[in-house]
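S.K.: Counting in the working numbering, the sequence shown runs from 24 upward without gaps.
There's a structure below that I have some questions on.
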Amino acid sequence: MSLFALVGVVVLVFFMIHAIPGDPVDNLLGEQVQAADKEAFRRRLHLDEGLGAQFARYMENIGDGTLGRSYMDPSVTVSDRIGEVLPYTLQLAVCAMLFALLVAIPLGVIAALRHRTWVDTTAMMVAVTGVSLPAVWIGPLLIYLFTVKVPLLPPPGALAQDWRSLILPSITLGLALSAMLARMTRGQLVRVLSEDYIRTARAKGLSTFRVVVVHGLRNALIPVATVAGMQFGALLSGAVIVEKIYARPGLGTLLLRAITQRDYPVVQGTVLVVAALVVIVTQLTDALYAMIDPRLRGGGRT
């Protein structure tokens with residue numbers, strides 16, 4: 024199924040981007056260039072060929088691993104250009120996921136253990152607020168608070184090698200996910216703690232920590248882990264906005280620039296890489312299922 028999904032992405036992206044109005048040659052050379060020069064440049068980029076021939080060339084570029092060559096700089100392959108910025112996007116997405124989990128799980132557990140108290144209500148209000156704050160609003164707010172008003176962290180555009188430059192982008196990208204996972208953790212743990220086997224564990228005199236963490240949280244986190252894995256793709260797509268806000272290099276910045284420039288090979292290659300990453304994370308999520316719940320080992324999900 025994963026292979027079919029990737030094939031679908033390859034076909035869909037190719038035909039969708041070629042359906043966008045506008046000529047890449049006009050964008051590259053301008054409208055004042057003579058028609059003969061435009062045609063020569065179009066032949067150089069193989070844009071004079073039919074869609075079938077262009078698609079065949081596109082598949083050939085995928086097969087050889089280059090993903091084609093950028094219209095803006097034909098001396099550089101798309102795979103090389105993606106390879107330059109991919110580590111920055113993965114770094115941001117992983118840090119955002121870690122932030123989301125480190126906030127969501129403790130908050131959800133506290134809310135579940137204090138079910139129907141002011142602690143539970145306050146925690147869920149915080150979670151709802153987090154879901155409601157878009158990155159385009161929370162990003163500039165954090166920049167103003169922590170780089171202008173109280174300059175504790177590097178401003179946007181700071182060197183990506185400085186680990187402190189990851190703090191604000193990670194919070195901006197992971198905040199909504201942390202709120203969603205906190206609500207889910209709380210709901211799942213409340214449900215699990217009401218099960219018969221939990222009451223049996225308490226009756227045996229097991230400590231609250233062992234009951235909650237070993238017997239309760241482990242089962243409650245199964246759907247949470249699944250959702251977190253599936254949302255990794257959303258983090259990669261959300262990185263487009265966050266990288267723009269914080270002037271960070273990455274797949275998002277590369278994709279946005281390529282769309283503006285109508286650089287078809289870069290757009291196609293970037294979307295394909297993101298889709299492949301989502302598929303890989305989905306497979307890892309299935310493996311994580313078996314690690315969390317031994318009943319799923321060998322049998323797979325149903």
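We put the beta carbon where it would ideally sit given N, CA and C, even for glycine.
Once DSSP output is grouped into helix, strand and coil, what is the label at THR283?
M.R.: Taking the sequence shown and counting its residues from 1, one reaches residue 283 at position 260. Of the three classes helix, strand and coil, the one that applies to THR283 here is helix, per DSSP.
S.K.: What first and last residue would you give for the alpha helix (DSSP H) that runs through VAL36?
M.R.: Residue mapping note: residue 36 aligns to position 13 of the sequence shown, counting from 1. Taken as a continuous stretch (DSSP letters only), the alpha helix (DSSP H) holding VAL36 covers 25-41.
S.K.: Per DSSP, what kind of secondary structure is THR100 in: helix, strand or coil?
M.R.: Within the sequence shown, numbered from 1, the residue matching residue 100 stands at position 77. Three-state DSSP puts THR100 in a strand.
S.K.: So for ARG137, helix, strand or coil by DSSP?
M.R.: Position 114 of the sequence shown holds residue 137. In the three-state scheme derived from DSSP, where H, G and I count as helix and E and B as strand, ARG137 is classed as coil.
S.K.: Which residue or residues does DSSP assign as beta-bridge partners of ARG92?
M.R.: Within the sequence shown, residue 92 is the residue found at index 69, counting from 1. ARG92 pairs with THR100.
S.K.: Helix, strand or coil, according to DSSP, for TYR81 in the structure here?
M.R.: As a position in the sequence shown, residue 81 is number 58, starting the count at 1. Residue state, collapsed to three classes: helix.
S.K.: With a threshold of 8 Å, are at least 3 pairs of Cβ atoms found where one atom belongs to the region 172-181 and the other to the region 246-253?
M.R.: no
S.K.: Quick check on this structure: which residue in PRO44, VAL301, VAL289 has the alpha carbon closest to the alpha carbon of SER102?
M.R.: Along the sequence shown, one-based indexing puts residue 102 at 79. Selected option, being the one with the closest Cα: VAL289.
S.K.: In angstroms with no decimal places, state the Cα-to-Cα distance between VAL215 and THR283.
M.R.: The residue you call residue 215 lines up with position 192 of the sequence shown. The residue you call residue 283 lines up with position 260 of the sequence shown. Each residue's alpha carbon lies about 49 Å from the other.
S.K.: I'd like the span of the alpha helix (DSSP H) that includes GLU218, first residue to last.
M.R.: Indexing the sequence shown from 1 puts residue 218 at position 195. That residue, GLU218, is in no alpha helix (DSSP H); it is neither H nor E in DSSP.
S.K.: GLN211: buried (16+ other C-beta within 10 angstroms of its C-beta) or exposed?
M.R.: To locate residue 211, count along the sequence shown from 1; it is residue 188. GLN211 comes out buried.
S.K.: Let me check understanding here. Comparing Cα to Cα, which of GLY275, LEU51, ILE268 lies closest to MET95?
M.R.: Translated into the one-based positions of the sequence shown, residue 95 becomes position 72. Closest by alpha carbon: LEU51.
S.K.: Report all residues from its chain with a CB closer than 8 Å to the CB of LEU295; omit the five preceding and five following residues, and keep chain order.
M.R.: Taking the first residue of the sequence shown as position 1, residue 295 is located at position 272. For LEU295, the CB contacts under 8 Å within the same chain, skipping 5 residues up- and downstream, are LEU29, VAL32, VAL33, VAL36, ILE85, LEU90 in chain order.
S.K.: Quick one: Cα of PRO44 to Cα of LEU300, how far?
M.R.: Start at 1 with the first residue of the sequence shown, and residue 44 comes out as number 21. Start at 1 with the first residue of the sequence shown, and residue 300 comes out as number 277. In a straight line, the C-alpha of PRO44 is about 29 Å away from that of LEU300.
S.K.: Suppose the cutoff is 7 Å on Cβ atoms and the five residues either side in sequence are ignored; what does the same chain contact list for LEU311 look like?
M.R.: For the purposes of this step, residue 311 is identified with residue 288 of the sequence shown, where counting begins at 1. Once the five neighbours on either side are set aside, the close Cβ partners of LEU311 are ALA248, GLY252.
S.K.: Can you look up GLU266 in the DSSP assignment and give me helix, strand or coil?
M.R.: Taking the first residue of the sequence shown as position 1, residue 266 is located at position 243. Note: GLU266 maps to helix in three-state DSSP.
S.K.: If contact is defined by three or more beta carbon pairs under 8 Å, each pair taking one atom from either stretch, is the region 141-155 in contact with the region 194-206?
M.R.: Taking one beta carbon from each stretch, the region 194-206 and the region 141-155 have 3 or more pairs nearer than 8 Å; the two touch.
S.K.: Counting pairs of Cβ atoms below 8 Å between the region 168-179 and the region 97-111, do you hit three or more?
M.R.: no
S.K.: Between PRO177, ASP60, ALA158, ALA281, which has its C-alpha nearest ILE268's C-alpha?
M.R.: By one-based count along the sequence shown, residue 268 stands at place 245. When only C-alpha atoms are compared, the closest one is ALA158.
S.K.: Leaving out five residues on either side along the sequence, give the residues of the same chain with a beta carbon under 6 Å from the beta carbon of ARG137.
M.R.: In the sequence shown, the residue the question calls residue 137 occupies position 114. Closer than 6 Å at the Cβ level, and outside the excluded window around ARG137, lie ASP143.
S.K.: Taking the alpha carbon of CYS118 as the point to measure from, which residue in LEU279, LEU200, LEU307 has its own alpha carbon closest?
M.R.: Along the sequence shown, read from residue 1 onward, the residue named residue 118 stands at position 95. It is LEU200.
S.K.: With DSSP as the reference, label THR325 as helix, strand or coil.
M.R.: On the sequence shown, position 302 is the one that residue 325 refers to. Note that THR325 has pLDDT 42, beneath the 50 cutoff, so the model's placement of it is unreliable and the number below is only indicative. In the structure shown, THR325 falls within a coil segment according to DSSP collapsed to helix, strand and coil.
S.K.: Taking the Cβ atom as the reference point for each residue, do VAL213 and ARG225 lie within a distance shorter than 8 Å?
M.R.: Within the sequence shown, residue 213 is the residue found at index 190, counting from 1. Within the sequence shown, residue 225 is the residue found at index 202, counting from 1. Taking 8 Å as the Cβ cut-off, VAL213 and ARG225 do not qualify as a contacting pair.
S.K.: Measuring CA to CA, which of ALA146, TRP141, LEU198, ILE194 is closest to SER155?
M.R.: The sequence position of residue 155 within the sequence shown is 132, counting from 1. Measuring from the Cα of SER155, the nearest candidate turns out to be LEU198.
S.K.: Go ahead and label ALA63 buried or exposed: buried means 16 or more other beta carbons lie within 10 angstroms of its beta carbon, across all protein chains shown.
M.R.: Within the sequence shown, the letter at position 40 stands for residue 63. ALA63 comes out exposed.
S.K.: Whole angstroms is fine: what's the gap from GLY88's alpha carbon to LEU125's?
M.R.: Residue 88 sits at position 65 when you count from the first residue of the sequence shown. Residue 125 sits at position 102 when you count from the first residue of the sequence shown. Approximately 37 Å between the Cα atoms of the pair.
S.K.: Three-state secondary structure (DSSP) at VAL173?
M.R.: By one-based count along the sequence shown, residue 173 stands at place 150. Here VAL173 sits in coil by DSSP.
S.K.: Since VAL297 and LEU259 are thought to touch, with beta carbons under 8 Å apart, how far apart are those beta carbons, to the nearest angstrom?
M.R.: If you number the sequence shown from 1, residue 297 lands on position 274. If you number the sequence shown from 1, residue 259 lands on position 236. Yes, they are in contact, since the Cβ atoms of VAL297 and LEU259 sit about 5 Å apart, within 8 Å.
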